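Asks:
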Amino acid sequence: MKELSKTNRLTIVVSAIVLVFIVGLLTLRKPDVQYNQSPEGMLTALADTANYLLPSQLKRIVEANDGKSVLIDVRNSIAYGQNHIGEAKNIPVRELFTPENLKFLRTAEKNNQQIILYGESPQQANGAWMMLKQTGFSHAVMVNSSFGALNRPASDSIPVDMCMLRDEPRIDTAALSKLRNPAPAAEKPVVKAAPKKTVLPAPVQHSSGGGC
Amino acid sequence: MNKRYLILAIIAVAIGAGILLLPENPRDRELSPADLLNAIDDPSRFLSTDLITDRLVKKDPSLLLIDVRPEAQFKMFAIPGAINIPLDSLLTPSSQAALENKELDKVFYSNSDVMADQAWISAKRAGFEAIFVMKGGVNTWFNTIVNAAEPSETEPSQAFALYHFRKGACQYFFGTGETAAPVTEAPKKPVSLTPRPVQSSSGGGC
Amino acid sequence: MTGPLIPMEMIPDAWNNVIAVLLGMAFGFVLEASGFSSSRKIMGTFFGYDFVVLRVFFTAAITSMSLIIYFDYMGWLDASMLYINPYYVTSAIIGGLVMGVGFALGGFCPGTSFCGIAIGKIDAMFFTAGLFLGIFIFSEMYPLIETMYNSKNLGGIKIYEMMGMGRNIFAFLLIVVAIAMFYIAGYVEKKVNKVEY
Amino acid sequence: MEKNRRDGSFYINPYLGGVLLGLVLFATYYITGRGLGASGAVKNTVVTTVDVIAPAHAEKSHYYSKFLNENSSPMNNWLVFEVLGVMAGAFLSGTLYGRLKLKNEHSPKIKPRTRLIAAVAGGLMFGIGSQLARGCTSGAALSGLAVLSASGMITMLGIFGSAYLFGWLFKKLWI
């Protein structure tokens, strides 16, 4: 076993590997953004109506302008340039995590400011909002309305159609029941509350909603 | 034996102890926040209601419609052939099994876009592939397929083809249309601009 | 650069074969230089006079395992993209046992027999001839054993998942067990009579 | 040291060999995403040979046809090139350390012919086993152990366990 007594080169190689590990660990940069909420926790947050702002609530906040919140416009810069709400800052969805935007958002988060996101549609705001909510911005909320509806001069009288808090079914039940029972029989199915041509009432009862 | 070996053994154990300190990654497939943001910004996940209807009518076996609304709403009205996975139970093991199937195009829908998109983002983060969102949700589906508006005389013939396709689909789903419009063939091409997902399967489709 | 490079398409496919030859050369050099070209040196592991196989095998395993784990953590390598042999329970166990018999009889395994051929070992050449014959026989017998060959597929499962423990704990234990084995090997080697070969 | 390097009895420290082998294995994983292997090359050679001699038979067989495709020959395979490299590398090492010599290694107690018969029998068993386990010592056990795959671990235990058992049975061949 004379080869067992020769350990010089072995030591050199092992030291080199250990050196690689140490250098790697020292130079390791944590990614700027990390999840701090589990997927399951996020699903719970999605069901919390406090995370969705109604247009009327937004209006009140914009008018108060007390520095307790920052408004973020997640549409592209052209749309932002044409028109935007109040003193909104433009952060397109794709640029949400650029260093300067992150710095801005983190400052707002540190100052306990509410981060309010709105977009062309609630769906656009939702993407950006979910990203922020999952990565540690606990004060982020989204506006549950489209920009077009927000920007009406008299946003107090927002039509029901525009108020889209948590997706409501707006299907024509009359047409549906006609489909299911082609001949208008005597005994109507009692599933439908209102057989007349109407809009289904919203299943979620929101007290805060002034606009609806 | 040899002092060197003692030192080397200690180094090896130290490396092993270092491994112990590293985080386990149970969420191996989880998308990083940066990747997820890019995915969110990419609109290719949206499929139009007409495209979905076309695939439903053709009994495309590679299509799985997932209704993410609460159960009560699902029972009241749902698109034929859809299964119900309410948003809050999206990540339970039984739901994950449905999302796991790589052969199927999983299409989320809700009443409008938001909830379906929330389900999509959650599933995307968890690393699921071949998932889509039906643009407009039930509301649009209902208004375009069931309550299809008849185009006026002046509109191009494509509008009429689309209208007849919708009426035909409606009759297909519910047995009868409101008007006795003859069932015409679905347009040869997908009626919407949304491209069909690249991942094709043996199933029908276009 | 995040590996693995070829699946990530960082190296064009054309380089594939060149890389194969280079990596093969390194592999062959290390095997030969460690003494794997000599069947009697290899067999020493089973009779306790030379534990070179045990030492090389486990040192290599724990080295590359630690490298993969650390590189995965540091983001230089995506470990989830590495190929993992599917685990077919029955055929893996039977195959392992059959290979063990072949090892005891032939004194080589396929990789080392090629090293043996390269430096002119006649027994290695006969072993490789047997290898060809064995694979040919297997292919011809395949219809008979097809069901067993394909039964009980657990997919590309990891050993620690199968045992229900964490990856890091398993890796640590493997390193500790390997060092303990090296120590025992050194002890046994002293006790057993030397064999000249 | 320089003196005994050339006489063929010099081997590198086994732990150094192990660490170097680990680095090679890691490099293979890092570059190609798969491990090293050896028996796969033999399999591809067998498939090619059968395909050349009896194409109809190869086409019909369930096993050969798995590895045949119309565009490229099974010989044009990563593993085949790798094994060519292995032989080149071993030749290099053999030259460096002075081990290039035609030799039939066997125990002094047996005839050379017995050794060769045992070698063929061993190779035969190894060939069958490696196809069953979908890889040999390097392909399944070593590469599998590096990524902690279950099949690698089980195959390794199978190989070493039964080799220990049968090693004592065939002790005469070796000591």
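Top line first, the protein sequences correspond to chains A, B, C and D.
Going by our numbering, the letters in the first sequence line up with residues 2 to 213, in that order.
Going by our numbering, the letters in the second sequence line up with residues 129 to 334, in that order.
Going by our numbering, the letters in the third sequence line up with residues 1382 to 1578, in that order.
Going by our numbering, the letters in the fourth sequence line up with residues 439 to 613, in that order.
We put the CB at the ideal spot given by N, CA and C, even for glycine.
Quick caveat: nothing in here was measured; it's all calculated off a predicted structure.
1) Consult DSSP for residue 1447 of chain C and reduce its assignment to one of helix, strand or coil.
2) Just to confirm, are residue 148 of chain A and residue 61 of chain A a CB contact at a threshold of 8 Å?
3) Rounded to whole angstroms, what's the CA-CA distance from residue 138 of chain B to residue 1539 of chain C? Just pull it up for me.
4) Return yes when the Cβ of residue 239 of chain B is within less than 8 Å of the Cβ of residue 275 of chain B, no when it is not.
5) Can you give the Cα-Cα distance for residue 560 of chain D and residue 537 of chain D, rounded to whole angstroms?
6) Among A/150, A/113, A/119, whose alpha-carbon lies nearest the alpha-carbon of residue 140 of chain A?
7) Shorter than 8 Å from the beta carbon of residue 296 of chain B to some beta carbon of chain C?
8) Taking the alpha-carbon of residue 502 of chain D as reference, which of D/564, D/470, D/482 has the nearest alpha-carbon?
9) Mind checking the region 4-37 of chain A against chain B and listing, in chain order, the residues whose C-beta falls within less than 9 Å of any C-beta there?
10) If we count the other Cβ atoms within 10 Å of its Cβ and call it buried at 16 or more, is residue 185 of chain A buried or exposed?
11) Please identify the residue among B/192, B/302, B/211 whose C-alpha is closest to the C-alpha of residue 198 of chain B.
12) Under a three-way DSSP split, which group does residue 1543 of chain C fall into?
13) On the premise that residue 40 of chain A lies in contact with residue 250 of chain B, defined as a C-beta separation below 8 Å, what is that separation, rounded to the nearest angstrom?
14) With residue 235 of chain B as the anchor, note down where its beta strand (DSSP E) starts and where it stops.
15) Candidates A/44, A/120, A/87: which alpha carbon is nearest residue 68 of chain A's?
16) Run through chain A and tell me which residues come within less than 7 Å of residue 454 of chain D, C-beta to C-beta.
17) Mapping the DSSP letters down to three states, classify residue 213 of chain B as helix, strand or coil.
18) Helix, strand or coil for residue 589 of chain D, going by three-state DSSP, please let me know.
19) Would you call the CB atoms of residue 241 of chain B and residue 264 of chain B closer than 8 Å?
20) Taking only beta-carbon atoms, is residue 136 of chain A less than 8 Å away from chain B?
21) In the DSSP assignment, find the beta strand (DSSP E) that holds residue 1386 of chain C and state where it starts and stops.
22) Do we get a CB-CB distance below 8 Å when we pair residue 1504 of chain C with the residues of chain D?
23) Tell me the start and end of each unbroken alpha helix (DSSP H) in the region 1500-1569 of chain C that is at least 4 residues and wholly inside, in chain order.
24) Looking at the strands, I want to know which residues DSSP matches up with residue 174 of chain B.
25) Counting only runs of 4+ residues fully inside the region 246-303 of chain B, write out the alpha helix (DSSP H) ranges in chain order.
26) Would you tell me roughly how many angstroms separate the C-alpha atoms of residue 1518 of chain C and residue 19 of chain A, rounded to the nearest one?
27) In terms of residues, what are the limits of the beta strand (DSSP E) holding residue 116 of chain A?
28) What does residue 189 of chain B touch in chain A if you count any residue whose Cβ is under 8 Å from its own?
29) Are the C-beta of residue 216 of chain B and some C-beta of chain A separated by less than 8 Å?
30) So which of D/461, D/500, D/451 has the shortest CA-CA distance to residue 1435 of chain C?
31) Rounded to a whole number of angstroms, what is the C-alpha to C-alpha distance between residue 1447 of chain C and residue 1397 of chain C?
32) List the endpoints of the continuous beta strand (DSSP E) containing residue 19 of chain A.
33) Span of the beta strand (DSSP E) holding residue 192 of chain B?
34) Report yes if the C-beta distance between residue 1472 of chain C and residue 1529 of chain C is below 8 Å; otherwise report no.
35) Rank C/1508, C/1457, C/1564, C/1542 by C-alpha distance to the C-alpha of residue 26 of chain A and give the top, closest one.
36) Sorted by chain position, which residues of the same chain lie with C-beta nearer than 8 Å to residue 554 of chain D's C-beta, five sequence neighbours on each side aside?
Replies: If we stick to the structure as given:
1) helix
2) no
3) 27 Å
4) no
5) 24 Å
6) A/113
7) no
8) D/482
9) 5, 6, 8, 9, 11, 12, 15, 16, 18, 19, 22, 26, 32, 33, 34, 35, 36
10) In this prediction, residue 185 of chain A scores a pLDDT of 39, lower than 50, which makes its location untrustworthy; the coordinate-derived value is nonetheless stated afterwards. With fewer than 16 Cβ atoms within 10 Å of its Cβ, residue 185 of chain A is classed as exposed.
11) B/211
12) helix
13) 6 Å
14) 233-237
15) A/87
16) 10, 11, 14
17) coil
18) helix
19) yes
20) yes
21) First-last for residue 1386 of chain C: undefined, no H or E at that position.
22) yes
23) 1503-1530, 1540-1544
24) B/261
25) 265-269, 285-302
26) 47 Å
27) 115-119
28) The premise fails here: residue 189 of chain B is roughly 26 Å from chain A at the closest Cβ pair, so nothing lies under 8 Å.
29) yes
30) D/451
31) 25 Å
32) Looking at the DSSP string, residue 19 of chain A is not in any beta strand (DSSP E); the run it does join, the alpha helix (DSSP H), is 9-28.
33) 191-195
34) yes
35) C/1457
36) 542
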